[in-house]
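Number of protein chains: 2
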Amino acid sequence: MDNEQAKDGGLTERHNARMARKKEVVDKKIAAATRNAGVLVITCGNGKGKSSSAFGMVARALGHGMKVGIVQFIKGAIPTGEEQFFRRFPDEVSFHVMGEGYTWETQDRTRDVEKAQAAWQRAQALLSDPAIGMVILDELNIALKYKYLDVQQVIADLQARPAMQHVVITGRGAPPELIEVADTVTEMQPVKHAFAAGIAAQQGVEW
Amino acid sequence: MDNEQAKDGGLTERHNARMARKKEVVDKKIAAATRNAGVLVITCGNGKGKSSSAFGMVARALGHGMKVGIVQFIKGAIPTGEEQFFRRFPDEVSFHVMGEGYTWETQDRTRDVEKAQAAWQRAQALLSDPAIGMVILDELNIALKYKYLDVQQVIADLQARPAMQHVVITGRGAPPELIEVADTVTEMQPVKHAFAAGIAAQQGVEW
Chain A
1 MDNEQAKDGG
11 LTERHNARMA
21 RKKEVVDKKI
31 AAATRNAGVL
41 VITCGNGKGK
51 SSSAFGMVAR
61 ALGHGMKVGI
71 VQFIKGAIPT
81 GEEQFFRRFP
91 DEVSFHVMGE
101 GYTWETQDRT
111 RDVEKAQAAW
121 QRAQALLSDP
131 AIGMVILDEL
141 NIALKYKYLD
151 VQQVIADLQA
161 RPAMQHVVIT
171 GRGAPPELIE
181 VADTVTEMQP
191 VKHAFAAGIA
201 AQQGVEW
Chain B
1 MDNEQAKDGG
11 LTERHNARMA
21 RKKEVVDKKI
31 AAATRNAGVL
41 VITCGNGKGK
51 SSSAFGMVAR
61 ALGHGMKVGI
71 VQFIKGAIPT
81 GEEQFFRRFP
91 DEVSFHVMGE
101 GYTWETQDRT
111 RDVEKAQAAW
121 QRAQALLSDP
131 AIGMVILDEL
141 NIALKYKYLD
151 VQQVIADLQA
161 RPAMQHVVIT
171 GRGAPPELIE
181 VADTVTEMQP
191 VKHAFAAGIA
201 AQQGVEW
């Protein structure tokens, strides 16, 4: 038994052996995943983190020199931090706020349908532009859930996009047909939320 | 029955009535959540979106004129898009990459512990600076899971931070003691991942 083992009861040695086995497994998986392609990512569920995850990917894409297009389908009633920030880069980010608030705020289905369809036209322009490396369709799932848009039309347009273009779709209530055609899907599950403890939505965190 | 109803079988009317009820419920909850406070957010689980959600909150915070501090505990082996992007704003973002790769890559526990402790010292400096509105502790959960850091020390430092400072902690394996003291916790659950379909980690999406 060397000094290191004497100090930590073999923890270091066991850890190192476990990590060597883990490295083998991870390396094998990485070796198998070699294809490059534009991926369709969906973030759904009731937990916090769906839109913020999309905006984190915007930052990543910009760091790699890509151009990004963003369409917000539902939000639009208040200016958000993400809008204020990404509008600083008009040559790199094309930011379209096409909503007027959540559906329970507007209470006008006819108007919501019109707004969603106008937003989808913006999305179609981005999805047919090979210069755009990533397209964010924020809260599109909600527009689909309420059938403001036809899911088959949306899927057809997504599948006709440039081969290396990434798309991130966010919002509760993603329809199963959309999940079926997506590459990466995460469900954000709420474990707890500050809201329940009486804390108001905080700048920077929620908007 | 008016024209609108004749057209859609009453869908618009039912939708509007449902949204009116929903608005009442949401408004009541908003009225109850009025306290302003720095929130402690944790993103955990095995799904994609934990770190990207944190970086989306960085964008939001910057949009609201806040200063942000970022410490990456594990990542550091390859330059990421988020690092390249947020380093553009040295006056607003203080970015510290303190890791050398995932633990199964380094395979050296003693060194991992030293790196994690050096990273925590950086975190402590940010957590005691009231000029920093948001602190991101990326992959801290992994450093805690492997006991590179003492969770009680980490909690004590978090709780002693400025009252309005937000903290976002990411990574798999968040310890229960940390979840207990957090305000908002989301578990990212993988529904599917492009990796499994043979697609390599894509720039802008995964890093």
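Protein chains in written order, with UniProt numbering: chain A, 1 to 207; chain B, 1 to 207.
Glycine included, C-beta positions come from ideal geometry on N, C-alpha and C.
Within its own chain, the residues whose Cβ lies closer than 6 Å to the Cβ of residue 168 of chain B, once the five positions on either side in sequence are excluded, are 41, 54, 57, 136, listed in chain order. Residue B:175 holds the alpha-carbon nearest to the alpha-carbon of residue 154 of chain B among B:8, B:175, B:44, B:187. Closest in alpha carbon position to residue 77 of chain B, among B:200, B:101, B:124, B:199, is B:101. At a cut-off of 8 Å between C-beta atoms, residue 141 of chain B does not count as an interface residue with respect to chain A.
For residue 187 of chain B, the uninterrupted beta strand (DSSP E) run begins and ends at 184-192, by DSSP. Judged by DSSP in its simplified three-state form, residue 138 of chain A adopts strand. DSSP, read as helix, strand or coil, puts residue 12 of chain B in helix. Following the DSSP letters along the chain, one finds residue 55 of chain B inside the alpha helix (DSSP H) bounded by residues 50-63. Distance between residue 177 of chain A and residue 63 of chain A, taken at the CA atoms: about 32 Å. C-alpha of residue 200 of chain A to C-alpha of residue 194 of chain A: approximately 8 Å in a straight line. DSSP places residue 86 of chain A inside the alpha helix (DSSP H), whose first and last residues are 81-86. The CB of residue 64 of chain B comes closer than 8 Å to the CB of 81, 84, 203, 204 in chain A, given here in chain order. For residue 107 of chain A, the chain B residues whose C-beta falls within less than 8 Å of its own C-beta are 16, 19, 20, 23, listed in chain order. By the Cβ neighbour-count rule, residue 132 of chain B is buried, with 16 or more other Cβ atoms within 10 Å of its own. Minimum Cα-Cα distance from residue 112 of chain A among the listed residues A:125, A:145, A:89, A:12 corresponds to A:145.
Counting C-beta atoms within 10 angstroms of its own C-beta, residue 156 of chain A has fewer than 16 neighbours from the protein chains shown and is therefore classed as exposed.
Ranked by Cα distance from residue 114 of chain A, the first of A:93, A:143, A:128 is A:143. In the DSSP assignment, residue 34 of chain A falls outside any alpha helix (DSSP H), carrying neither H nor E. One Cα belongs to residue 161 of chain B, the other to residue 67 of chain B, and the distance between them is close to 15 Å. Interface criterion met: the Cβ of residue 134 of chain A is under 8 Å from a Cβ in chain B. In the three-state reduction of the DSSP assignment, residue 72 of chain A falls in the strand class. Taking a contact as a CB-CB distance under 8 Å, the pair residue 189 of chain B and residue 186 of chain A counts as one, their CB atoms being some 7 Å apart. Residues of chain A whose Cβ lies closer than 9 Å to the Cβ of residue 73 of chain B do not exist, since the nearest Cβ in that chain is about 16 Å away. Taking all protein chains shown into account, residue 181 of chain A has fewer than 16 neighbouring C-beta atoms within 10 Å of its C-beta and is therefore exposed. Residue 29 of chain A belongs to the set of residues whose beta carbon lies under 8 Å from a beta carbon in chain B.
Considering only B:183, B:196, B:164, the residue with the shortest C-alpha distance to residue 36 of chain B is B:164. Per DSSP, residue 168 of chain A is one residue of the beta strand (DSSP E) stretching across 166-170. Membership of residue 151 of chain A in the alpha helix (DSSP H) is indicated by the continuous run 151-159. Residue 89 of chain A carries a coil assignment under DSSP once its states are collapsed to helix, strand and coil. At the C-beta level, residue 125 of chain A and residue 98 of chain A stay beyond 8 Å of one another.
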